[in-house]
Amino acid sequence: MKILVTAKRVTDPNAKIKLKSDKSGIQTDGLEYKPNPFCENAIEEALRLNETHGGEVVVVSIGPSDVQATIRTALAMGAHRGILVTGLDDHQMDSDLVARVFAELYKRERPDLFLLGKQAIDGDSNQVGQLLAEYLEIGQACFASKVEIHGSEAIVTREVDGGLEKIAVGMPAVITADLRLNEPRYASLPGIVKARKKSIDEIDIRSLGIDTHLKVETVAYEEPKTRGGGVTFVGGVDELVGKLKSEAKAI
Amino acid sequence: MRQFPDSLLDDSQIAFRETAIRFANDHIAPNAYEWEEAEAFPKDLYRTAGKAGILGAGFPEDVGGAGGTILHVIATQEGLLRGGSTGVIAGLGSLGIALPPVIAANDPMHIDQYVRPTIRGDKVAALAITEPGGGSDVASIRTKAVKDGDHYVVSGAKMFITSGVNADFVVALCRTGPEPHSGLTFFIIDRTLPGYSVSRALKKTGWRASDTAELSFNEVRVPATHRVGPEGSGFLAVVRNFQAERLVLAAYGHTSAQIAYENARDYAQQRTAFGRRLSGFQVTRHKLAEMWTQIVAAKTLNYTVASRIAAGETLIAEVSAAKNFSTIVAEKVCREAVQILGGMGYMRETVVERLSRDVRLLAIGGGTYEIMNEIITKSLFNPA
Ligand SMILES: Cc1cc2nc3c(=O)[nH]c(=O)nc-3n(C[C@H](O)[C@H](O)[C@H](O)COP(=O)(O)OP(=O)(O)OC[C@H]3O[C@@H](n4cnc5c(N)ncnc54)[C@H](O)[C@@H]3O)c2cc1C
Chain A
0 MKILVTAKRV
10 TDPNAKIKLK
20 SDKSGIQTDG
30 LEYKPNPFCE
40 NAIEEALRLN
50 ETHGGEVVVV
60 SIGPSDVQAT
70 IRTALAMGAH
80 RGILVTGLDD
90 HQMDSDLVAR
100 VFAELYKRER
110 PDLFLLGKQA
120 IDGDSNQVGQ
130 LLAEYLEIGQ
140 ACFASKVEIH
150 GSEAIVTREV
160 DGGLEKIAVG
170 MPAVITADLR
180 LNEPRYASLP
190 GIVKARKKSI
200 DEIDIRSLGI
210 DTHLKVETVA
220 YEEPKTRGGG
230 VTFVGGVDEL
240 VGKLKSEAKA
250 I
Chain B
37 MRQFPDSLLD
47 DSQIAFRETA
57 IRFANDHIAP
67 NAYEWEEAEA
77 FPKDLYRTAG
87 KAGILGAGFP
97 EDVGGAGGTI
107 LHVIATQEGL
117 LRGGSTGVIA
127 GLGSLGIALP
137 PVIAANDPMH
147 IDQYVRPTIR
157 GDKVAALAIT
167 EPGGGSDVAS
177 IRTKAVKDGD
187 HYVVSGAKMF
197 ITSGVNADFV
207 VALCRTGPEP
217 HSGLTFFIID
227 RTLPGYSVSR
237 ALKKTGWRAS
247 DTAELSFNEV
257 RVPATHRVGP
267 EGSGFLAVVR
277 NFQAERLVLA
287 AYGHTSAQIA
297 YENARDYAQQ
307 RTAFGRRLSG
317 FQVTRHKLAE
327 MWTQIVAAKT
337 LNYTVASRIA
347 AGETLIAEVS
357 AAKNFSTIVA
367 EKVCREAVQI
377 LGGMGYMRET
387 VVERLSRDVR
397 LLAIGGGTYE
407 IMNEIITKSL
417 FNPA
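Sequence order for the protein chains is A and B.
FYI, the numbering for the first sequence is 0 to 250, going by our numbering.
FYI, the numbering for the second sequence is 37 to 420, going by our numbering.
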């Protein structure tokens with residue numbers, strides 16, 4: 000079984016984000032990046048499926064050459080090789096373009112499964128998996144918390160509002176990983192050393208013949224409102240209800 | 037592009053550190069306080085670390101290691117120290133000083149029965165050089181090993197041995213001849229051999245979670261097959277071994293300082309006095325600026341010397357300089373961090389308090405501050 004799986008980098012969730020002075024985006028100088036946690040779930044699942052069903056796990060990502068480091072982490076966890084589509088910086092992408100780039104990689108690689116994180120924890124758009132399946136006209140199972148392979152079908156338990164839903168989807172298919180799918184392994188130290196010798200193909204976006212215009216136009220970035228001095232203590236239920244009505248306007 | 041001085045490390049070294057940080061967060065940090073107070077950590081942790089591949093950093097792949105250079109070892113130790121206990125990682129890390137002489141001698145039986153199981157975490161190893169009679173003067177070692185047929189009979193005592201209580205075997209430096217330097221030889225001594233005993237577990241100022249022992253060898257019959265290298269090869273092995281140990285201790289220094297600095301920096305931005313944040317006082321800000329400056333300097337020296345050594349250069353005086361410089365930086369920065377935390381900095385529940393005790397060891401272990409200066413002066417001019 001051949002699996003394509005994504006490794007997106009996201010800004011370190013513990014780092015303090017600052018906006019550029021013209022509010023066109025965030026300041027990226029000196030910013031540390033981490034692998035997107037949902038991608039780590041997807042990679043872990045790909046590796047587990049590979050352990051039982053064999054085949055190949057190919058890690059894909061998009062961005063500047065630095066993103067090799069993110070792919071390399073997945074290779075250190077045990078994936079076999081990587082593909083990096085270069086020529087686009089983070090701010091030159093939207094979910095739609097990312098999905099179309101992945102669709103192109105799908106056509107070249109012809110995997111049985113395309114695994115992605117359900118969303119990236121920076122933009123939190125939650126669209127790429129769904130768009131990708133649509134462009135490819137193949138089945139999709141998003142927010143997976145369990146994946147089993149039976150013959151030519153993937154049996155996927157999905158986390159939906161109000162509970163779990165179990166569906167069967169014919170392969171090839173797109174599956175996006177939710178947090179409870181698994182506990183991602185560490186990249187072991189021997190794995191890290193081995194990963195240095197694994198190949199990462201860089202493909203220039205221009206050679207894919209894709210229209211790189213964005214469907215989403217970014218108008219401006221704003222800082223969230225700084226929290227005012229909160230009221231911590233209330234005298235009783237009546238006062239609480241009053242404050243929720245008049246100050247917080249929550250009820 | 038990573039920020040300086042992290043930019044002196046390559047991606048695989050950063051990746052070693054990331055894995056070590058995750059390990060430390062999962063397995064060390066939640067228990068650090070408890071283990072420090074108990075002055076011990078469960079022996080199981082060796083196996084857990086072995087399984088995660090943590091213990092193999094810097095050891096060649098063909099003896100079961102993870103590969104990598106001294107910089108990979110340093111990066112791993114930096115990550116592990118994020119768990120908040122130097123004691124735990126000094127204990128876990130005792131193989132880092134115990135195995136290199138054995139690996140260098142390259143006896144297949146030693147590699148299979150001692151080196152591999154230790155890197156897997158199935159055995160605990162300790163290095164035993166120092167004796168109750170002295171540590172700095174290695175050539176004065178008295179523990180003797182006398183050839184008797186296909187055995188050596190070993191008698192003597194060893195002092196301040198890290199992991200000495202838990203160790204399944206020690207790599208012990210013994211006297212096989214009268215010549216001060218060329219009469220020294222390493223032996224692998226199993227704890228199960230008759231006559232081997234742990235005289236006592238020692239109570240320490242810092243590094244509390246690591247066990248430190250005094251050992252006694254009372255006519256222990258050690259098979260000659262457990263001699264490491266030819267007779268007389270011990271002293272050179274000690275000298276080689278010290279280089280890596282000293283750089284790792286230097287890294288403990290800059291990392292302890294870094295963690296103490298970060299704690300103090302965050303505290304200064306939250307704690308208020310006289311109607312403003314501590315960071316609102318210029319004296320505090322400048323203190324933090326100086327702490328940061330010292331740390332950048334120590335890291336730059338340590339990473340640079342380590343990377344030149346990884347590239348094959350021999351830098352004896354520079355390694356000693358790196359250890360001493362980091363020692364001073366760690367002591368100063370931890371002192372200032374305690375100061376910024378005020379009363380909290382004196383409470384055992386804070387990592388800053390713990391580090392301020394732990395770093396005192398750096399001027400003593402792995403060769404004292406004065407011995408480092410002796411080594412440096414010898415490279416500068418003829419002392420006579
Ligand atoms: C927590 C801890 C863990 C340790 N772990 C290990 C271990 O795992 N294995 C091991 O073998 N050892 C270990 N040691 C021992 C350590 O290496 C020695 O303590 C160290 O080498 C100093 O030796 P000493 O204590 O005998 O001091 P001494 O050699 O007696 O020195 C006492 C003082 O005299 C000074 N001095 C000595 N010679 C000179 C000189 N020529 N010029 C100027 N000053 C001098 C020293 O600098 C020091 O200040 C450990 C020690 C500690 C505290």
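The beta carbon of each residue, even a glycine, is placed where N, CA and C say it ideally should be.
Endpoints, the alpha helix (DSSP H) within which residue 83 of chain A is located
Not the alpha helix (DSSP H): residue 83 of chain A falls in the beta strand (DSSP E), residues 80–85.
Among residues of its own chain, excluding the 5 on either side of residue 408 of chain B, which ones have a beta-carbon nearer than 6 Å to its beta-carbon?
Hits under 6 Å: 356, 359, 360.
I'd like to confirm something about residue 198 of chain B: is its beta-carbon nearer than 6 Å to some heavy atom of ligand 1, or not?
The answer is yes for residue 198 of chain B.
Three CB pairs or more closer than 8 Å across the segment 313–323 of chain B and the segment 142–150 of chain B:
By the C-beta criterion, the segment 313–323 of chain B is judged not to be in contact with the segment 142–150 of chain B, since fewer than 3 inter-stretch pairs fall below 8 Å.
Among all the DSSP beta bridges, which residues are the ones paired with residue 232 of chain B?
DSSP lists B:253 as partners of residue 232 of chain B.
For residue 29 of chain A, decide whether its Cβ has a neighbour in chain B, counting only Cβ atoms nearer than 7 Å.
Cβ-Cβ to chain B under 7 Å: yes for residue 29 of chain A.
Considering Cα atoms alone, identify which of B:292, B:304, B:278, B:339 is closest to residue 404 of chain B.
Its Cα nearest to that of residue 404 of chain B, the residue B:278 stands out among B:292, B:304, B:278, B:339.
Please find out if some non-hydrogen atom of ligand 1 comes closer than 6 Å to the beta-carbon of residue 397 of chain B.
For residue 397 of chain B, the shortest separation between its Cβ and any heavy atom of ligand 1 lies below 6 Å.
Would you mind reading off the limits of the beta strand (DSSP E) that contains residue 157 of chain A?
Taken as a continuous stretch (DSSP letters only), the beta strand (DSSP E) holding residue 157 of chain A covers 152–159.
If you scan the segment 118–173 of chain B from start to end, which runs of the beta strand (DSSP E) of 3 or more residues do you find wholly inside it?
Here the runs fully enclosed are 161–164.
With hydrogens ignored, establish whether the beta-carbon of residue 10 of chain A is closer than 6 Å to any heavy atom of ligand 1.
No.
Considering only their Cβ atoms, is the gap separating residue 139 of chain A from residue 100 of chain A smaller than 7 Å?
Taking C-beta atoms as the reference points, residue 100 of chain A and residue 139 of chain A fail to come closer than 7 Å.
What residues of chain A sit near residue 52 of chain B, judged by a beta carbon separation below 8 Å?
At a beta-carbon threshold of 8 Å, the residues of chain A lying near residue 52 of chain B are 188, 191, ordered along the chain.
Are the Cβ atoms of residue 162 of chain B and residue 130 of chain B separated by less than 7 Å?
Result yes, Cβ atoms of residue 162 of chain B and residue 130 of chain B sit closer than 7 Å.
List the residues that DSSP assigns as beta-bridge partners of residue 220 of chain B.
B:211.
Residues of its chain near residue 427 of chain B, where Cβ-Cβ distance is below 7 Å and the 5 sequence neighbours each way are ignored:
Residue 427 of chain B lies beyond the range of chain B shown here (37 to 420); nothing can be said about it.
Nearest CA to the CA of residue 127 of chain A: which residue from A:60, A:86, A:184?
Answer by Cα proximity: A:60.
Quick check on this structure: which residue in A:102, A:185, A:7 has the alpha carbon closest to the alpha carbon of residue 120 of chain A?
Nearest of A:102, A:185, A:7 to residue 120 of chain A, Cα basis: A:7.
Along the segment 68–83 of chain A, where does the CB come closer than 7 Å to a CB of chain B? Name the residues.
Listed by position, the residues of the segment 68–83 of chain A near chain B (Cβ gap below 7 Å) are 68, 71, 72, 75.
Going along chain A in order, which residues have a C-beta closer than 7 Å to the C-beta of residue 90 of chain B?
Those within 7 Å of residue 90 of chain B in chain A are 188.
Could you check whether the Cβ of residue 363 of chain B sits closer than 6 Å to any heavy atom belonging to ligand 1?
Outside the cutoff, so no.
Considering only heavy atoms of ligand 1, does any lie closer than 6 Å to the CB of residue 128 of chain B?
It does not: the Cβ of residue 128 of chain B is nowhere closer than 6 Å to a heavy atom of ligand 1.
Chain B within 7 Å of residue 185 of chain A, Cβ atoms only
Yes, because at least one Cβ of chain B sits closer than 7 Å to the Cβ of residue 185 of chain A.
Quick one: Cα of residue 112 of chain A to Cα of residue 220 of chain A, how far?
If I take the Cα positions, the gap works out to 36 Å.
Can you tell which of A:42, A:98, A:77 has its C-alpha closest to the C-alpha of residue 124 of chain A?
Checked all of A:42, A:98, A:77; the closest Cα to residue 124 of chain A is A:98.
Below 6 Å, is the gap between the Cβ of residue 221 of chain B and the nearest heavy atom of ligand 1?
Of the heavy atoms belonging to ligand 1, none sits nearer than 6 Å to the Cβ of residue 221 of chain B.
Residue 366 of chain B to residue 392 of chain B, Cα distance in whole Å?
Roughly 8 Å separates the two Cα atoms.
Can you confirm whether residue 127 of chain B, when its beta carbon is compared against all beta carbons of chain A, has any partner nearer than 7 Å?
Cβ-Cβ to chain A under 7 Å: no for residue 127 of chain B.
Could you give the first and the last residue of the continuous alpha helix (DSSP H) run that contains residue 92 of chain A?
Note, residue 92 of chain A: premise wrong, no alpha helix (DSSP H); not H, not E.
Might you give, ordered along the chain, the residues of its own chain that have their beta carbon closer than 7 Å to the beta carbon of residue 103 of chain A, omitting 5 neighbours on each side?
Here the set comprises 207, 209.
Whether residue 250 of chain A touches residue 239 of chain A by CB criterion (7 Å):
Not in contact: residue 250 of chain A and residue 239 of chain A (Cβ atoms no closer than 7 Å).
Just grab the DSSP bridge partners of residue 60 of chain A for me.
In DSSP, residue 60 of chain A forms a bridge with A:83.
Residues of chain A with CB closer than 7 Å to the CB of residue 47 of chain B, please, in chain order.
Under the 7 Å cutoff, chain A gives 68, 71.
Label residue 198 of chain B either buried or exposed according to how many other C-beta atoms from any shown protein chain fall within 10 Å of its C-beta, with 16 as the threshold for buried.
Looking at its Cβ environment, which holds 16 or more other Cβ atoms inside 10 Å, residue 198 of chain B is buried.
So which residues on chain A does residue 157 of chain B lean against when the C-beta distance must stay under 9 Å?
Residues of chain A whose Cβ lies closer than 9 Å to the Cβ of residue 157 of chain B do not exist; the shortest such Cβ separation is about 13 Å.
Alpha-carbon to alpha-carbon, residue 105 of chain B and residue 155 of chain B:
Distance between the alpha carbons of residue 155 of chain B and residue 105 of chain B: 16 Å.
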